[in-house]
Every structure is written in C-alpha cells, then in structure tokens.
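Here the structure is laid out as structure tokens; the discussion comes afterwards.
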Amino acid sequence: MIRRILVVDDDRQMVRTLSDIVSLHGWTVDSAYSGEAAIEAVGRQDYDAVLMDVRMAGINGVEAFKAMKTIRRGIKVILMTAYSAAEIIAEAEREGALRVLAKPVVLPTLFEMLDQMTQGLKPVLLVADDADFLSVLHTALKESSYAWLEVTSLSEALTALEEQAPLVVVLDQYVNGVTLGESVLAIKRVSPGVALILCEGESNNGDQKQTEPPPALIYATLHKPFPPGKLIDMLESILER
C-alpha cells in the first residue's frame, strides 16, 4: 500500500531531514515550504497525512489546516511547534488536529502516530487508580471498538504518552495523591496537543482548588457518575472528525 505524506515547514533543511526520515519508514513524501503552498498541494493530491509546522511566515500551520479542511474534510494533520503557545495549541485542538508535537520531534512518537493513522486505530489513554472506574471505562471502549491504554499512575501516563502517542487522555480527578492541576500540567508538557478529558467527582478540597489547571488545557470535563455513552460520544467528536 502506498502511503503519501506532505511535509510542510518554512525551514527547508527541516523539510529535507524529516522527508528523508519518513521516506525510510516507508512513506512517499511530498514537501512544501509555506502554508500557502501546502494548501495548493492538498488541492491537487489526497494525502494520507500532513506533517506541518505551526509557526511559518505568511499563513501559519493552524490557518493552513483550516483551509485544508475546506478542501478535504477528513484530512489528517499533525502539527509541530517549538513554542509553548497555549492559545495556538488550543485552537489546533478545536479545529481537529490529530496531534501537536513539540520540536525537536521525537521520532518513535511520530512513527507511532503515522502507523496508527494508517491502521485506523483510535488510541485512548485511561489514567486512574480506581479499579472499578477503570473497569467501567474500558468495558465501554471495548464495546465501541476503541483501542485503549490503561495506567494507574502519572509516571506511567507520561511514559505511555512518549512511547504510544495516544490521541486522547481520560484523566481521573485524583491519581495516587497527585493533584489534578499537577497531573494536567505534566501531561501537557509531554504532549501539548493531546485532547484531555477530565473526570471529576462531586467534591474538591481546598488544596485541589488551588491547583486547578488553566481551562485552555482541557478539552472537556465529565462529572462522575456519568453514563459511559457520554464519554463515547465525546471521543467520537474528537476522533471521527
């Protein structure tokens, strides 16, 4: 099967380097050096994936992605950024970018992402140390044909983010005594563009309130108890677009 990818960056050396590496992984590679050129390329060719820098002269990566979606609605785009710009990352998530990878790109993570895209996998990372809660979640995911990873600590979650590149994290309110704010910030440092769904209980203590994460880092919040179907609907809104 021919897998074709478009690599976009206004740094020509970066494009050459990534193109060489991705081609060695079995992809047919086209390149573009601006958002405008990338949009034109997508108009001519249906790509299995687009790997694109966020910050470029002229049209930036998020703006180019929006324009690409008007041409090919289901286009799969992975964005890259060397900058920690929460507003841009949040906009990219809202627009449906599959992932926002930090530069320099961790190659095993990129290859895992590309392989998942072509294999049709829908990885979801479940982070909780409540066995009953995890059981409910993974039963719902199994019945809905989603692939998932299941961890019970923040350190395991960070390792899974680096090695498995899940597209979505479902995070329980408390994980082994780590506050919600600390967990969210640690996850977003490792994977800035992952869609983060929080699962909160009815009560927070004072310390927890003091460490609440910035709303821009959160895709959505579910309040326990919630029907598993509500989570599945939310995942579909993220993974099916």
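Under numbering that gives the first Met the number 0, the letters of the sequence shown match residues 0 to 240, in that order.
Even glycine gets a Cβ: it sits at the ideal position worked out from N, Cα and C.
Using C-beta distances below 7 Å, list every residue in its chain close to residue i, excluding the 5 sequence neighbours before and after it, in chain order.
i	result
Gly200	Gln172, Lys223
Met233	Ile196, Ala219
Ile1	Thr27
Asn204	In this prediction, Asn204 has a pLDDT of 48, which is less than 50 and means its spatial position is unreliable; what the coordinates show is noted afterwards. Excluding sequence neighbours, Asn204 sits near nothing in its chain.
Glu92	Gly192, Ala194, Tyr218
From this set, the options, which residue's C-alpha is nearest residue i's C-alpha?
i	options	result
Val7	Thr80, Ser134, Asp129, Glu211	Thr80
Asp47	Ala89, Gly57, Ser134, Ile77	Ile77
Thr158	Arg72, Ile87, Pro107, Pro103	Pro107
Met13	Thr138, Ile237, Val189, Pro103	Pro103
Ile217	His137, Ala89, Arg15, Gly176	Ala89
Arg11	Asp29, Arg2, Arg3, Ile1	Asp29
Val53	Ala146, Val169, Glu35	Glu35
Glu94	Tyr82, Ile74, Met112	Ile74
Asn175	Pro122, Asp129, Met51	Asp129
Gln115	Leu153, Leu136, Gln163	Gln163
Lys68	Val49, Tyr82, Met55	Val49
Val168	Glu181, Val150, Asp19	Val150
Return the Cβ separation of residue i and residue j in integer angstroms, given the expectation that the two are a contact with Cβ distance under 8 Å.
i	j	result
Leu125	Leu97	About 19 Å separates the two Cβ atoms, so there is no contact after all.
Glu161	Val105	7 Å
Val189	Pro165	Their Cβ separation, rounded to whole angstroms, is 11 Å, which puts Val189 and Pro165 out of contact at 8 Å.
Ala63	Pro191	The pair is not a contact, with the Cβ atoms about 18 Å apart (cut-off 8 Å).
What residue range does the alpha helix (DSSP H) around residue i cover?
i	result
Glu155	153-163
Ile88	85-94
Leu17	11-23
Val61	60-70
Helix, strand or coil for residue i, going by three-state DSSP, please let me know.
i	result
Val41	helix
Arg3	strand
Asp171	strand
Ala127	coil
Asp29	strand
Glu211	coil
Leu179	helix
Asn204	At Asn204 the pLDDT is 48, less than 50, meaning the model places this residue with poor confidence; the figure from the coordinates comes in the next sentence. In this structure, Asn204 counts as coil in the three-state DSSP scheme.
Ile186	helix
Leu97	coil
Pro191	coil
Pro227	helix
In its own chain, which residues sit with a C-beta less than 6 Å from the C-beta of residue i, not counting the 5 before and 5 after it?
i	result
His24	Phe110
Ala127	Leu133, Asp171
Leu221	Cys198
Ala215	Ala85, Ala89
Val183	Pro212, Leu216
In the DSSP assignment, the beta strand (DSSP E) including residue i goes from what residue to what residue?
i	result
Met242	Residue 242 is absent from the structure shown; the chain starts at 0 and stops at 240.
Asp52	48-52
Ala194	194-199
Leu221	219-222
Val104	Element bounds for Val104: n/a, residue is neither H nor E.
Ala56	Neither: Ala56 is in no beta strand (DSSP E) and is coded neither H nor E.
Leu148	146-150
With a threshold of 8 Å on Cβ separation, who are the neighbours of residue i within its own chain once the five nearest residues in sequence on each side are excluded?
i	result
Ile70	Ile38, Val41, Gly42
Ala139	Pro227, Gly228, Leu230, Ile231
Ser22	Val28
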